[in-house]
Amino acid sequence: MTTDNAGIELGLDSFGDITTDVYGNMLSSAQEIRNHIQHAVIADQTGVDAISFGEHHRYDFAISAPDMVLAGASGLTQRIKLGTAVTVLSSDDPIRVIERFNTLDAMSSGRAEITVGRGSFIESFPLFGYNLHDYEMLFEEKFDMFAQLLDRPEKFNWSGSHRPPVVDGVVMPRAERRLDAWVGVGGSPESVLRAVRHRVPMMLAIIGGPARRFQPYVELYRQAQQESGIERMPLGVHSPGHVARTDGEARDHVRAAWIEYRNRIGKERGWPRAGVDEFESEVAGGSFYVGSPQTVAERIADTVLALGLDRFDLKYSNGPVREDHLRQSVELYGTDVVPRVRELVRAAREA
Numbered sequence: 001m002t003t004d005n006a007g008i009e010l011g012l013d014s015f016g017d018i019t020t021d022v023y024g025n026m027l028s029s030a031q032e033i034r035n036h037i038q039h040a041v042i043a044d045q046t047g048v049d050a051i052s053f054g055e056h057h058r059y060d061f062a063i064s065a066p067d068m069v070l071a072g073a074s075g076l077t078q079r080i081k082l083g084t085a086v087t088v089l090s091s092d093d094p095i096r097v098i099e100r101f102n103t104l105d106a107m108s109s110g111r112a113e114i115t116v117g118r119g120s121f122i123e124s125f126p127l128f129g130y131n132l133h134d135y136e137m138l139f140e141e142k143f144d145m146f147a148q149l150l151d152r153p154e155k156f157n158w159s160g161s162h163r164p165p166v167v168d169g170v171v172m173p174r175a176e177r178r179l180d181a182w183v184g185v186g187g188s189p190e191s192v193l194r195a196v197r198h199r200v201p202m203m204l205a206i207i208g209g210p211a212r213r214f215q216p217y218v219e220l221y222r223q224a225q226q227e228s229g230i231e232r233m234p235l236g237v238h239s240p241g242h243v244a245r246t247d248g249e250a251r252d253h254v255r256a257a258w259i260e261y262r263n264r265i266g267k268e269r270g271w272p273r274a275g276v277d278e279f280e281s282e283v284a285g286g287s288f289y290v291g292s293p294q295t296v297a298e299r300i301a302d303t304v305l306a307l308g309l310d311r312f313d314l315k316y317s318n319g320p321v322r323e324d325h326l327r328q329s330v331e332l333y334g335t336d337v338v339p340r341v342r343e344l345v346r347a348a349r350e351a
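Just so we're aligned: 321 in UniProt numbering is position 321 of the sequence shown, and the numbers increase by one with no gaps anywhere.
Have a look at this one:
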């Protein structure tokens with residue numbers, strides 16, 4: 001963490017949602033990937049601290065290899081951190097993950113970071129030959145190896161049940177520093193304690209309802225660190241949102257797309273159908289940060305202060321939103337929202 005940013009890093013996330021042109025035509029996956037590289041450039045130029053892309057293996061998300069997209073962005077950006085939201089560690093190889101991100105870190109002169117998770121979407125498991133019955137075991141073992149590799153051992157040994165033992169393993173390229181890493185947590189005490197046990201900072205995914213309801217997890221996170229006798233670990237939150245010139249314009253940009261996206265995913269997961277009332281409820285007091293720069297900044301600052309955050313990432317992609325509206329949201333977040341959040345947080349913390 002830096003000390004000249006009011007003690008808060010402000011980032012952007014995207015899953016690579018397929019968006020539309022001004023006529024409502026869906027863009028291709030290839031165009032989405034190119035667009036996301038440009039989003040990173042805009043975020044870099046406007047003062048956003050970090051941009052992260054999530055791994056998915058579905059028709060409605062374009063990004064399946066976020067590290068490749070980030071590598072494309074690394075040569076066109078100067079200062080912004082380049083990360084994932086998330087890398088599905090359970091269906092990947094921790095050694096290859098570390099090697100890929102060490103490579104990205106070298107390419108970007110120390111700007112790579114990674115958020116690993118179990119994955120709330122399960123398509124990668126059958127796709128890469130993993131049994132969903134091993135969902136918990138795979139993540140527990142692979143996260144253990146991943147955390148060990150973050151310490152940059154010259155050689156390492158590891159054994160578990162999902163693969164043959166590693167004896168005197170060597171990871172290349174060698175990292176020039178400890179890679180910045182987070183673990184994504186959806187909201188279970190076990191996940192919170194796992195993050196502390198492995199000393200990997202927690203990124204809470206708050207995608208529904210008021211952020212303050214996650215306060216018990218924050219308290220458990222801090223208590224576990226204190227009881228373990230380790231230094232204070234950073235805490236981050238990832239939540240969806242959209243920025244436009246006015247509150248009404250922002251709602252108009254994402255209302256239909258959010259309802260379509262929410263019901264598409266909800267149908268797969270057995271959720272009740274959502275409509276305008278649910279949309280308005282999330283915007284008014286839930287975890288959907290939609291509005292003008294001032295409105296979004298005030299709501300983010302409130303969450304930062306309520307939970308004692310060190311990092312807040314806005315998931316700026318929300319289903320089939322128009323690409324020009326998405327690009328405007330990225331720009332307004334950097335030029336207007338980020339400095340306003342810093343002002344609000346600084347004033348509150350110095351009061």
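Backbone N, C-alpha and C fix where the C-beta goes; we use that ideal spot for every residue, glycine too.
Does the distance from the C-beta atom of residue i to that of residue j stay below 8 Å?
i: residue 183; j: residue 203; result: yes
i: residue 314; j: residue 289; result: yes
i: residue 177; j: residue 150; result: no
i: residue 318; j: residue 254; result: yes
i: residue 285; j: residue 210; result: yes
i: residue 90; j: residue 139; result: yes
i: residue 230; j: residue 287; result: no
i: residue 323; j: residue 21; result: yes
i: residue 397; j: residue 64; result: Residue coverage of the chain in this structure runs from 1 to 351, which leaves residue 397 outside it and unanswerable.
i: residue 105; j: residue 81; result: no
i: residue 312; j: residue 122; result: no
i: residue 305; j: residue 348; result: yes
i: residue 194; j: residue 143; result: yes
i: residue 33; j: residue 320; result: no
i: residue 172; j: residue 113; result: no
i: residue 141; j: residue 208; result: no
i: residue 73; j: residue 40; result: yes
i: residue 233; j: residue 223; result: no
Just how far apart, CA to CA, sit residue i and residue j?
i: residue 160; j: residue 15; result: 31 Å
i: residue 271; j: residue 298; result: 30 Å
i: residue 186; j: residue 302; result: 20 Å
i: residue 196; j: residue 25; result: 45 Å
i: residue 38; j: residue 46; result: 12 Å
i: residue 243; j: residue 36; result: 17 Å
i: residue 237; j: residue 118; result: 17 Å
i: residue 220; j: residue 31; result: 43 Å
i: residue 132; j: residue 125; result: 6 Å
i: residue 110; j: residue 351; result: 35 Å
i: residue 168; j: residue 154; result: 9 Å
i: residue 326; j: residue 276; result: 21 Å
i: residue 240; j: residue 296; result: 11 Å
i: residue 136; j: residue 70; result: 28 Å
i: residue 266; j: residue 278; result: 13 Å
i: residue 329; j: residue 316; result: 7 Å
i: residue 334; j: residue 248; result: 20 Å
i: residue 77; j: residue 43; result: 9 Å
Please classify residue i: does DSSP put it in a helix, a strand, or coil?
i: residue 233; result: coil
i: residue 167; result: strand
i: residue 26; result: strand
i: residue 182; result: strand
i: residue 130; result: coil
i: residue 51; result: strand
i: residue 241; result: strand
i: residue 200; result: coil
i: residue 95; result: helix
i: residue 313; result: strand
i: residue 42; result: helix
i: residue 8; result: coil
i: residue 135; result: helix
i: residue 3; result: Confidence at residue 3 is low in this model, with a pLDDT of 43, below 50, so its placement is unreliable and the value that follows should be read with caution. If DSSP states are grouped into helix, strand and coil, residue 3 belongs with coil.
i: residue 335; result: helix
i: residue 62; result: coil
Could you please give the first and the last residue of the uninterrupted alpha helix (DSSP H) stretch that includes residue i?
i: residue 197; result: 189-197
i: residue 302; result: 293-307
i: residue 68; result: 66-74
i: residue 280; result: 276-285
i: residue 248; result: 247-269
i: residue 220; result: 215-228
i: residue 174; result: Run containing residue 174: none; DSSP gives neither H nor E here.
i: residue 345; result: 338-350
i: residue 324; result: 323-332
I think residue i touches residue j, with their Cβ atoms under 8 Å apart; what is that distance to the nearest whole Å?
i: residue 115; j: residue 86; result: 5 Å
i: residue 175; j: residue 152; result: 5 Å
i: residue 368; j: residue 336; result: With the chain running from 1 to 351 in the structure shown, residue 368 is simply not present.
i: residue 250; j: residue 291; result: 5 Å
i: residue 340; j: residue 5; result: Residue 340 to residue 5, Cβ: 13 Å. No contact.
i: residue 200; j: residue 181; result: 6 Å
What first and last residue would you give for the beta strand (DSSP E) that runs through residue i?
i: residue 155; result: Here residue 155 belongs to no beta strand (DSSP E), and DSSP marks it neither H nor E.
i: residue 84; result: 81-84
i: residue 358; result: Absent from the model: residue 358. The displayed extent of the chain is 1 to 351, so no value can be given.
i: residue 116; result: 113-117
Please determine whether the Cβ atom of residue i lies at a distance below 7 Å from any heavy atom of the ligand GDP.
i: residue 14; result: In terms of ligand content, the structure shown is empty, and the ligand GDP therefore cannot be addressed.
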